[in-house]
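In my numbering, the protein residues as written are 366 to 615. Heads up: the structure comes next, in structure tokens.
In structure tokens form, the structure reads like this:
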């Protein structure tokens with residue numbers, strides 16, 4: 366605000382000299398950031414950390430709740446993600462111990478013969494037989510599934526060992542002498558349970574990311590609404606005050 370002398374005051378009041386003045390005040394044009402510019406900061410804070418924008422505007426309970434939610438979300442993510450990776454290492458080590466590629470080939474129902482003089486057989490031989498019976502295999506398996514090595518695709522390799530009956534003959538407790546052959550293996554069931562726990566924990570970790578994103582989006586929207594409302598109030602107050610007021614007394 367700036368003070369300006371009222372040039373008409375001395376003329377209106379008898380006995381007052383030209384040096385006697387009343388003053389009126391008028392707002393100067395702002396040189397700092399406009400309300401619109403200032404409003405960007407709380408929104409930016411909320412984008413960086415949910416709840417911080419609310420805290421800077423005095424909404425302590427909302428801000429603290431959102432900050433706590435963000436911390437809990439990331440804590441949950443790191444805990445479950447770490448557990449999921451540890452469990453992945455465990456089931457991969459389990460498979461490496463109890464499942465064997467050569468045993469899978471030699472004990473497969475399409476190849477296995479007791480006291481087979483032709484063992485060990487090749488993967489190419491089993492693949493050829495599998496392709497020949499694809500779609501018409503025994504009722505105990507799902508049908509031919511192409512073998513994917515660990516070097517080709519590690520994720521699919523470990524998935525296939527437990528997912529498809531076609532690979533059950535590779536587990537060390539599989540009994541190839543059963544007639545008809547059965548896709549039974551306690552080791553395989555244990556392995557599938559281990560994979561399930563790992564996948565569940567990794568999925569839970571990812572769900573915490575969605576919680577964080579939801580909290581951030583909520584905080585940004587809420588902060589934007591608040592600063593917009595405050596900006597309108599400030600603009601109306603500034604407009605009313607910008608014209609200045611003169612002393613109404615003569």
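Idealized CB from N, CA, C, for every residue including glycine.
If one requires a minimum length of 4 residues, the alpha helix (DSSP H) runs lying completely within the stretch 434-507 are 466-471, 488-498, in chain order. A contact between stretches requires three or more CB pairs, one per stretch, nearer than 8 Å, and the stretch 413-430 fails this requirement with the stretch 540-555.
A contact is defined here as three or more CB-CB pairs under 8 Å, and the stretch 451-465 meets this definition with respect to the stretch 531-545. Segment contact: the stretch 554-574 against the stretch 446-453, three or more CB-CB distances shorter than 8 Å; contact assigned. Straight-line spacing of the CA atoms in residue 419 and residue 434 works out to 14 Å.
For residue 407, the enclosing alpha helix (DSSP H) stretches over residues 405-413. Nearest to residue 412 by alpha-carbon distance, out of 588, 573, 490, 596, is 588. Assignment of beta-bridge partners to residue 536 by DSSP yields 464.
By the Cβ neighbour-count rule, residue 409 is exposed, with fewer than 16 other Cβ atoms within 10 Å of its own.
Per the C-alpha coordinates, the member of 422, 558, 443, 470 positioned closest to residue 595 is 422. Looking at the backbone, the Cα of residue 460 and that of residue 523 are separated by about 8 Å.
Annotated three-state conformation of residue 559 is helix, per DSSP. Where residue 519 is concerned, the enclosing alpha helix (DSSP H) starts and stops at 519-528. Residue 486 is not a Cβ neighbour of residue 510, given a cutoff of 8 Å.
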